[in-house]
Structures are given as structure tokens and as C-alpha cells.
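Undergrad: Numbering (this note's numbering), first residue to last: 92 to 999. Beta carbons are placed, not taken as given, at the ideal position from N, Cα and C, and that holds for glycine. The structure displayed is predicted, hence computed values, not measured ones.
(1) Going by beta carbon distance, what residues of the same chain come within less than 8 Å of residue 569, once the five residues before and after it are set aside?
(2) Quick one: Cα of residue 788 to Cα of residue 290, how far?
(3) With distances taken between CB atoms, is the gap from residue 331 to residue 341 smaller than 8 Å?
(4) For residue 632 and residue 617, which I take to be in contact (beta-carbon distance under 8 Å), what is that distance rounded to the nearest angstrom?
(5) By alpha-carbon positions, which one of 309, 302 and 634 ends up nearest to residue 294?
(6) In angstroms with no decimal places, state the Cα-to-Cα distance between residue 965 and residue 953.
(7) For residue 304, report the span of its beta strand (DSSP E) as first-last.
(8) Thinking just about the alpha-carbon of each residue, which of 643, 512 and 913 is nearest to the one in residue 695?
(9) Distance, Cα to Cα, residue 236 vs residue 898?
(10) In the DSSP assignment, what residue or residues form a beta bridge with residue 418?
(11) Determine contact between the segment 198-213 and the segment 431-446, defined as no fewer than three beta-carbon pairs at a distance below 8 Å.
(12) By Cβ distance, which residues of its chain are closer than 7 Å to residue 917, with the 5 residues on each side in sequence left out?
(13) According to DSSP, residue 146 sits in a beta bridge with which residue or residues?
(14) Given that a residue counts as buried once 16 or more other Cβ atoms are within 10 Å of its Cβ, and exposed if not, what is residue 408?
(15) Three or more C-beta pairs closer than 8 Å, one from the segment 506-514 and one from the segment 253-261: is that the case here?
(16) How big is the Cα-Cα spacing for residue 564 and residue 593?
(17) Where DSSP assigns a beta bridge to residue 443, which residues make up the other side?
(18) In three-state terms, what does DSSP make of residue 908?
(19) When you compare the segment 319-327 with the segment 244-252, are there three or more beta-carbon pairs, one atom per stretch, that lie closer than 8 Å?
(20) With residue 600 and residue 299 assumed to form a contact (beta carbons below 8 Å), what rounded beta-carbon distance in angstroms separates them?
(21) Of all the options 544, 118, 489 and 492, which has the alpha carbon lying nearest to the alpha carbon of residue 513?
(22) Any idea what DSSP makes of residue 660, helix, strand or coil?
(23) Leaving out the 5 sequence neighbours to the left and right, which residues in its chain are closer than 8 Å to residue 610 when beta-carbon positions are compared?
(24) Could you give the DSSP three-state label for residue 922: helix, strand or coil?
(25) Can you tell me which of the three DSSP states residue 721 falls into?
(26) Give the secondary structure of residue 862 by DSSP, where H, G and I count as helix, E and B as strand, and everything else as coil.
(27) State buried or exposed for residue 978, treating a residue as buried only when at least 16 other CB atoms are found within 10 Å of its CB.
(28) Quick one: is residue 121 buried, meaning 16 or more other Cβ sit within 10 Å of its Cβ, or exposed?
(29) With a CB to CB cut of under 8 Å and the five nearest residues on each side skipped, what residues in its chain are close to residue 554?
(30) Assuming residue 119 and residue 651 make a contact with CB atoms under 8 Å, what is their CB distance in whole Å?
(31) Let me know if residue 1065 comes out buried or exposed under the rule of 16 or more other beta-carbons within 10 Å of its beta-carbon.
(32) Identify whether residue 981 lies in helix, strand or coil by the three-state DSSP scheme.
(33) So residue 156 and residue 135 are supposed to be a Cβ contact under 8 Å. How far apart are they, rounded?
(34) By Cβ distance below 6 Å, which residues in the same chain neighbour residue 886 in space, the five residues on each side in sequence not counted?
(35) Does the segment 771-780 come close enough to the segment 860-869 that 3 or more CB-CB pairs lie under 8 Å?
(36) From residue 276 to residue 926, what distance separates their C-alpha atoms?
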């Protein structure tokens, strides 16, 4: 199909253009009347010269291009399908490496070193002048439950699902809040500072107003309701019912062994729960009992507004060649099933509120189906989504929220609602100095009453109001700005936007920033610096702006640049995102010292090595890699640090964690309970003693437990996989190699470490033809070792999809994925399916510099592919066959990946 171009010159009319490639046209950018660009299907790019459109004959991509933006006639971007990114330099369009395979839908160019792109599933990318980076990952994870904090009128809401990030609504914005579990079944809030979320492994997590943390392990629960801080109920598998009394969850006698999926409270002495096979149970203040229903059709949710009125929803009922609705109603005496012939899809959630005219609310379900209850009758509504909807919560009779597949969040407001306070958001803080800053806000709704005043307020305490210092910002809806003045240096300030109408005053979310200090410079590769100023995105720029004797605070991460130090500076490296503590390392590609001294605090890595702070001048070249020195420079240490022995597993782990911190800021997940930590300590000690004949140093023990084993446990990766990879690192370390163990001693070490048994020690036939690395791989991934780890610390088998992703990473890159990586790929598996994503993952990882640098030869690459996809080692014939094809150009690595992903048997 040939695309159409329409032009307005006082009136609209079609404009033709010569066609090299037919296809739809998706976006256009005009720089002037005589210069413009358009993009479209199959990589179509065309240019307007003031008279005609000319299509570029040789587009660098065949992917659909969805957006284009040019800052000048010689600088622009185009983005599109499968993460395609092209750049215009004034002469030609060229393809630029993209960090994503998701479709990109929009792009805007700010400067030569700053551009933004957005795309599929909410992904956001930013150009830093060198490369594109993922700023915000895809949000396609399923949300299954939602809870509104009591008494907040819908201004404080939580949603959870199959992600380690919970979602929070603060009255103006939804945002992710990191949690310690890999996913959650449900959420129930007692107050703004007290909430519960049950998860896999019978674990209960609790919100304390600032963080989610593991509260304990009780019986498995699928849904819960919190009546107060001291009264809560949870239901779940096998009809289990538990009660929270303010101190502990305890089991309560249940009248059923059937799975219970939902619970609703009329009050502290009347609760209802529903589940499989049409099961309904009721609590009367003393005990739970079965309540009969008309059939055995499964029920997914229930909402009770009184002792005589409530609804349950579930699967449509089929009987006598007709379909009854998925609704059940309680009339105070019995449950009945009203006939709604137009409702045939499954409903997963229902939420009702009582009004003077009776119950009202919404039910949600399969493929975006929604139904509204009014005057005792359900009628269909429209959501404009085909995603399954699992959770629904009524904030009031005029407002509701629903959540579902793909992380979708829907909001309903009754158009006939009475006037309310406005809705306002607080904008980011900019132009921060030691005594002033700029802020603002956006009034997105006037609440059906004109906004008479708006502005920003600030104070040193959180949540400032109009009683504090404020700057007016006019009236009405829309964006506004204001100047924040009269501030003290080096002080944390809190800011909120406000908007006032006839009903009252509303406030945006609280945001904070820190005023600058004299002689203090901040560096962050993203150019954000946690709201601090002055802020630079390059270390050299920060050094250039700093005066003699200044302190330069560098955020953790990688800075691929050459830095020259010619004056006296103090450089603190490895700060977290809000500069509250030193948590990791900062890596600089090249450092030239022509003056000084330079005093380093924290951890500095130069040229990719995991170098510690505290290196004396005479040690620079030996320990820090490519460092040039002129004159008599020196590096002085500002605090003592640990220093691992070269070749040890501790050193290898530290190097690995430095890479993790450089690629993306990640947090550790320390073991939560003494028993859990003790088990991980025994596991680590066992592997060290059997392989190296020594115990790890104490800091090394803590590093393995908090930064590696616990980290992967709480990401939902099986502990057995993490322990296996840990064992591989220990056996493949230089320290083990330096022990000079004979083959029989090596075999005994492996069998002991990985619990293979005496038969594997005494019979070496199973190792015939295998390298030591291959033997370690087989032993560490053995069923015996996995079972032993599970016995030592049960309850951490990992989730299937997460284990699948980590298995491919271990096979292809010989490491497990980081948190950001696993969340990225798991979200794609849920959106596209494992077969499609396994091919995409295989192609992406094998095309990476990490893969090619670690396994530069074709035989090595073939071996990794067979290990990752086939779960075995390639035979000599297979290795030779594929190596010859790869070397001759008759096949590519992608061909092997595609074959494995499609289930081809290469052994035939």
C-alpha cells in the first residue's frame, strides 16, 4: 500500500511522492517550508525539498520507523520497530546501537548530547552523547490486586502482581516501589503506614510507611483483608484461613478444604470468602461455616456491602444448553444467580460501595470486560483494552481503579460526580543553587470547580502546606512555575504544588532537593544528581568547574572518558542515587595526573579493573591499569578499605559486582532472618572448605550472602542455580588452579563440594573426554546438589520463567542476570511467550560485546550455545561442523539460535 501525504496551505490537499518502497507513512518532521522528513513502514525515509518528496533509496533498516525528530538540518533521530534507532548527520542516515528490542514509538532531540525515545510497554531511553541507555524499563508485568488505604478517599492506593515492584498512587502519580519479593499475590492496607502483601513460600511482607520488608512465614495465603492494624484475615490454598491479632498470624478452623480466592468484610464480626467449585464460607464473629450456592461454578471475588446485600463473580455457568451469568447475589437469605445472557466471559474482580439508593460498583474480567451495577442491575461498560482485568477497587461511589495484565491501570470517574478539590502534580526541581531553586506544578483537573489560586510551598519538613513559605503561580488548570528563594546552603527542602477551588485545597506529591554547598560538585552520568547542584554528566566537566580544593562527588556507574587532574581535589566515588551513602564504585576509562594531590574516597575503578581507593603513587600503574603520571602526582586515601587477595573467588566476585554496579544501580537483598542467613553461611563455608581448604574472609562471606545468594533468592531465581554458579566461580578461580590438584583430587573435590556421592569419586568414567570446566558444570548442575541445597534452605525453588532466563544467561555468558536484566526479559516472556523471547534473548546476548569478548572463537561460541539451549556439551563433530559453516559464512550464530529456539534437533 502506498502512503498518503496531506498538506495544509490554507486548505488540506494530497501531495504525491515518488515511491521506491510502498508502505504506510507514520511520522513527519518539518524544519521549514523547504526542508522536512517523513518515515514509515519497511524503513521508509523521504525528504521534502520545498517542491517534491524524495524517498531515500538505501534505508539503513527494513524495520518500520514510527517517529522522527530533527534538532537542526544536520542532526536528527528516527526510531521504530524492534528498537531500531537511526541518526541523521547532515549527509546520511546510519543505524545506532539500541539497548532494547521493544518497538519505539516516539523520539525528541534536545541537543547533540541529549535525546529521548519512548516505546512499547512504557520503556524510556535517553541519549547521553555516546550511547542510548534505558531510563525506565518496560512495565508489562501483571497486576493482580489493588487496595485503597482506608480514609484517604482514593489518594493512597497500592497495586501488586507478578513483579518485585509494587505500584503506588500518591494522589497524583503512579510510581513503582521496590519490594523484597519477586512477586505478590495480594495487598491489603490497614493505614498509610501499615499494609500486608502475601507472596510465594508462605511469606508475608509488611509496609511500615517507608519500605516493604519480610514480616515472617506463616501459612500460604492468596488474598487478605485488613480491618485495622490489629485485625486482619487471610485465605488461600486448601481452604486455609488465618487471622492477624496485631502480633502474629494464626490458623483458624476452616469448614472447607477447597481453595479460597477472595475475602470481603461487612464488619469485624461478619466476613465472607469465596473460591473454587462455588464455595462460599461465612464468619459470624465466632466461627466460619459453609453457605450453600446454586451450583459449583468457580468464584474469583466477592464484595459485601451489608449483611443482606453482596455480589460474587467468577466463571460463567453453563447448564441445560444455556449460559447463565458469572454473577451470584446474596439477598440476606440465599445466593442466587441472575440471568444475564450477554455476559459470558469470566469475571475476576468486583468492588461495591453502599449508597442511599443501594449498592453500586464495578466488576472486571476477561479481555477487558467491565460491568457497572446500578439500581440492582449490571450493564456493560467500555475500557478500550483487551487485557484481562484482575483487580478493582472503589475509591467512592464516583471513582474506581482497575488493574490487570500488562501492568494496565484503569481509572473511572463518574461524569455526574459533584465538585471536588482539584488534582495537581508537583514538577521536578531545577536551577538549584546554594540559596534558591525553581519549581512548579500542573493542575490536571479543576474538580469541576474553577481553580482560583495555585503555586508551590516549601519547608525543611515533609509535606509543606500554604501555612509554610509559598510562591503563587496564577490560577486555572495547566502547568505553572515558581521561584524557591531564601534557602540555606547544604539543606534538604521539601516542595509541594497546591491548587485551590471552592471545595478546598489539593496538594501534589512531596518532592525534596538539597541546596548546594560551596566548593562541592556533583557528577551523574544521567545528569540528574538526585536534584543536587551544580550537576554535571561527565567527571571532566565537573573537575573543570570545580575550584582548587573542591570536592567532586561521583555517582556509581561507568564514565567512559579520559580525565586529567592538574589541581588538588578530593573525589568521592560510588554514591547512590540520592548521594546519601557510598554503596559501590565509579569507573573512569583513563586518568592522567599532572598535579594534585588527588584524594579518593569510596571505590574508584580505572580502565575496568576493580581497583580500591588508597593506592599510593608508586602503585598507580601496577594496580590501576592505564594511568598516566606526569611530575610527582599522588593519590591519597580518605578511608581504609578491604583488599582481596589476587585470584581468589572473593576478588572475582568483587569484580563481578563492580560490573553490576557500572551497568545499572542495583541493591543488595540481605538475608532477612537468622536461620536463613545461617543456612547461607553454611552453604558458602561448605563450598570454600571442600574446594579451597579454607574459610572465606568475613567481608567475603558477607559479600556472598548479601550481594549474591540473597540477591538472587529475592529476585525469584532458584537458590540451586545461584549456588551452582557460585560453586563454578570457586572451582574456576585462579586460587583453585594454583592448588595443583591432581585429576583424582579434583574429582574428589567436585564430588564433595556438589554432594555427588562416593560412586562419583571412585568412578572417573563419567568424566572421560571432559575438561575440568565441563566436569564442574555437570557437577554443579546435578540433581544431587540441587536437592541438597533445597534441603538446607527449602522454599526457594525459583519461578519457572525467571529460572529459564537465568539458565540462558548462565549458559551464554557464564553468569546469572542482574535484576534489571531479568525483569526486562521476564516481562517480555509474559508479553510474547517463551519461544519468541528465547530467540530474541539468544540473538541479543550472542551479539553483545560481553559474549564476544568472553568467547572470541567460533568453537567457544558453539559450545556456549549448546550448553544454553540444549543443556549439554556439543560433540566434537558438532563443534567442527558448525565452526566450518560459521567460518565460511554459510551460517551465522543467529541460525543456531533460531534452530534451538524452534526445537530443531541438531544431533540428527
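TA: This is what the structure gives:
(1) So the list reads 533 and 534, once near-sequence residues are dropped.
(2) Computed Cα separation, rounded: 34 Å.
(3) No, Cβ-Cβ distance for residue 331 and residue 341 is not below 8 Å.
(4) With 8 Å as the limit, residue 632 and residue 617 do not qualify as a contact, their Cβ atoms being about 14 Å apart.
(5) Ranking 309, 302 and 634 by Cα distance to residue 294 puts 309 first.
(6) So the two alpha carbons sit approximately 7 Å from each other.
(7) From DSSP, the beta strand (DSSP E) with residue 304 extends over 303-308.
(8) The residue with the shortest Cα to Cα distance from residue 695 is 643.
(9) Rounded to whole angstroms, residue 236 to residue 898 spans 30 Å at the Cα level.
(10) Note: residue 418 sits in a beta bridge opposite 404.
(11) With a cut-off of 8 Å, the segment 431-446 and the segment 198-213 do not count as touching, because too few Cβ pairs lie within range.
(12) The residues are 892, 893 and 896.
(13) Per DSSP, 137.
(14) Residue environment for residue 408: buried (at least 16 other C-beta atoms within 10 angstroms of its C-beta).
(15) No contact exists between the segment 506-514 and the segment 253-261.
(16) Spanning the two alpha carbons is a distance of roughly 17 Å.
(17) BP columns for residue 443 point to 452.
(18) Coil, per DSSP.
(19) No: fewer than three Cβ pairs fall under 8 Å.
(20) About 19 Å separates the two Cβ atoms, so there is no contact after all.
(21) It is 544 whose Cα lies nearest to the Cα of residue 513.
(22) Three-state DSSP puts residue 660 in a strand.
(23) Answer for residue 610: 637, 638, 640, 641 and 642, listed in chain order.
(24) The answer is helix: DSSP assigns residue 922 an H, G or I state.
(25) The predicted position of residue 721 is uncertain, since its pLDDT is 37 and thus under 50; no value can be drawn from it.
(26) In the three-state scheme derived from DSSP, where H, G and I count as helix and E and B as strand, residue 862 is classed as coil.
(27) Label assigned to residue 978: exposed.
(28) Counting C-beta atoms within 10 angstroms of its own C-beta, residue 121 has fewer than 16 neighbours from the protein chains shown and is therefore classed as exposed.
(29) Around residue 554: 585, 587, 598 and 601.
(30) With 8 Å as the limit, residue 119 and residue 651 do not qualify as a contact, their Cβ atoms being about 35 Å apart.
(31) Beyond the ends of the chain as shown, which are 92 and 999, falls residue 1065; an answer cannot be given.
(32) The answer is coil: DSSP assigns residue 981 none of H, G, I, E or B.
(33) Beta-carbon to beta-carbon, residue 156 and residue 135 are separated by about 7 Å, close enough to satisfy the 8 Å threshold.
(34) Result list for residue 886: 292, in chain order.
(35) They do not touch, by the three-pair rule.
(36) When the Cα atoms are used, residue 276 and residue 926 turn out to be separated by approximately 26 Å.
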